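Residue numbers (our numbering): 668 to 1041. Every residue, glycine too, gets a C-beta built ideally from N, C-alpha and C. The model shown is predicted, which means the values in this text are computed figures rather than measured ones.
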């Protein structure tokens, strides 16, 4: 480290109290706060040294080293160590080998502030001593507004729920509008789903931070409110079976169920079946009114909840631009809209927080929706 010009260095194994030492009770209390906040140390660091073959070991491309659970690219905790200017520790002078690993490190930089599924996809490949370590190791990368305390004996699902409840606003809409299946108990996927199933396409978030209209002033303790559109009744067809080659599937959305008027081409990049039938659809709103790309397919429940079934996208720019123009011409402006608040229920699915009634177009409403907790 001195050869690199470092005056001070932070090393987790030395700076955190370790198991097996004195005052085990104190270690457990310290770890509740210290372990989840490690990501901020790496995020604010000017330089991060990565020992890719294991701490203190010379850089090696040996297959056994790369497949070892101690390899930097395999460990769950190292995912948060991504740096804009990483330094490879114990460099052996092999320029070809160094360039190879440098490229791998730089390829991970897009994880910071990008698609939540980029983070999850990378974490699927990694291992940890304790199952909950994978979840704790993602808190900083997912832009959490606060970080849940670390409990080594906590179940993975409980730790995952605790993280999602505080995760950044750009993560929650991605779960709702991109994940093809409903979660085990709610609109968000379970930990088992995101670690064992094929994830939505990487690098294609439902929106960037500048897209979605976040209503930060009206954020409740356990829910985030967003603007969107709801089509109360629409016929979805052509997506009831998977593609044998695993390719994208094409279907149709018929807004008024006549089979001819207001028909739009839709597509899915997943193979989860959506049986032909009438559904309630929730569309993602954005600052750019022309972007009405992502839609949730669901069933309206008697208490006004929306139970998610799956998701689809409008096919190509021309289709969602056409749908957006249809909305723009047929829906009244905000000044003509009456807000009817609906109480937020302690439910498992999606609650409609406020409905904006639109005289003349009873089938299409502009709404405010909230993702309710488990």
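**Prompt:** Could you give the distance in angstroms between the alpha-carbon of residue 929 and the alpha-carbon of residue 921?
**Reply:** 6 Å
**Asked** When you compare only the Cα positions, how much space is there between residue 823 and residue 910?
**Response** 33 Å
**Prompt:** Cβ of residue 937 within 8 Å of Cβ of residue 847?
**Reply:** yes
**Message:** Contact between the stretch 762-775 and the stretch 795-814 is defined here as three or more beta-carbon pairs at a separation below 8 Å; is this criterion met?
**Reply:** no
**Option in 711, 963, 867 and 914 with minimal Cα separation from residue 896** = 963
**Message:** Between the alpha carbons of residue 787 and residue 857, how many angstroms are there, rounded?
**Reply:** 12 Å
**Message:** Looking at residue 708: is its Cβ nearer than 8 Å to the Cβ of residue 754?
**Reply:** no
**Item:** Cβ-Cβ separation, residue 935 to residue 906 (assumed contact under 8 Å), whole Å
**Value:** 6 Å
**Asked** Under a three-way DSSP split, which group does residue 764 fall into?
**Response** helix
**Request:** Would you tell me roughly how many angstroms separate the C-alpha atoms of residue 924 and residue 698, rounded to the nearest one?
**Result:** Low per-residue confidence applies at residue 924: pLDDT is 48, beneath 50, and the placement is therefore not dependable, though the value from the model is reported in the following sentence. Cα-Cα distance, rounded: 57 Å.
**Asked** Can you list, in chain order, the residues of its chain whose CB lies under 7 Å from that of residue 673, leaving out five sequence neighbours each side?
**Response** none
**Prompt:** Quick one: does residue 857 have its CB under 8 Å from some CB of chain D?
**Reply:** The chain labelled as chain D is not found in the depicted structure, where only one protein chain is given.
**Request:** Check residue 947 in the structure and name its three-state DSSP category.
**Result:** strand
**Message:** Please state the DSSP three-state secondary structure of residue 965.
**Reply:** strand
**Item:** Terminal residues of the alpha helix (DSSP H) in which residue 931 lies
**Value:** Segment 930-935 is the beta strand (DSSP E) holding residue 931; no alpha helix (DSSP H) there.
**Item:** Among 980, 768 and 762, nearest to residue 919 - alpha-carbon criterion
**Value:** 980
**Asked** Taking DSSP as the reference, what is the three-state secondary structure of residue 747?
**Response** helix
**Rounded C-alpha distance that separates residue 746 from residue 901** = 43 Å
**Request:** Take residue 871 and list the residues in its own chain whose beta-carbon comes closer than 6 Å to its own, dropping the five residues that flank it on each side.
**Result:** Residue placement at residue 871 is flagged as unreliable, the pLDDT there being 49, under the threshold of 50; the coordinate-derived value follows with that caveat. Excluding sequence neighbours, residue 871 sits near nothing in its chain.
**Beta carbon of residue 726 nearer than 8 Å to that of residue 758** = yes
**Message:** Let me confirm a value: residue 700 is counted as buried when at least 16 other C-beta atoms fall within 10 Å, else exposed. Which label applies?
**Reply:** exposed
**Asked** Tell me which same chain residues have a C-beta within less than 6 Å of the C-beta of residue 838, skipping the five on either side of it?
**Response** 783 and 809
**Asked** Residues bridged to residue 920 by DSSP?
**Response** 903 and 931
**Message:** Using CA atoms only, rank isn't needed, just tell me which of 908, 830 and 682 is closest to residue 813.
**Reply:** 830
**Alpha carbon of residue 692 to alpha carbon of residue 705, nearest angstrom** = 20 Å
**Item:** Coarse secondary structure for residue 914, derived from DSSP in three states
**Value:** coil
**Item:** For residue 862, the nearest candidate out of 789, 821 and 844 (CA to CA)
**Value:** 789
**Asked** Could you give the residue range of the alpha helix (DSSP H) that holds residue 694?
**Response** 691-701
**Item:** Boundaries (first-last residue) of the alpha helix (DSSP H) holding residue 714
**Value:** Here residue 714 belongs to no alpha helix (DSSP H), and DSSP marks it neither H nor E.
**Item:** C-alpha gap between residue 973 and residue 965, whole angstroms
**Value:** 6 Å
**Message:** Only counting the same chain, and skipping five residues up and downstream in sequence, which positions put a Cβ closer than 6 Å to that of residue 976?
**Reply:** 964 and 965
**Request:** Report the option in 913, 950 and 760 whose CA atom is closest to the CA atom of residue 940.
**Result:** 913
**Asked** Mind checking whether residue 744 and residue 800 have CB atoms under 8 Å apart?
**Response** yes
**Item:** Nonlocal neighbours in the same chain, by C-beta distance under 6 Å from residue 683, ignoring five residues either side
**Value:** 701
**Prompt:** Which residue comes first and which comes last in the beta strand (DSSP E) that contains residue 661?
**Reply:** Examination of residue 661 is not possible in this model, given that the chain is present from 668 through 1041 alone.
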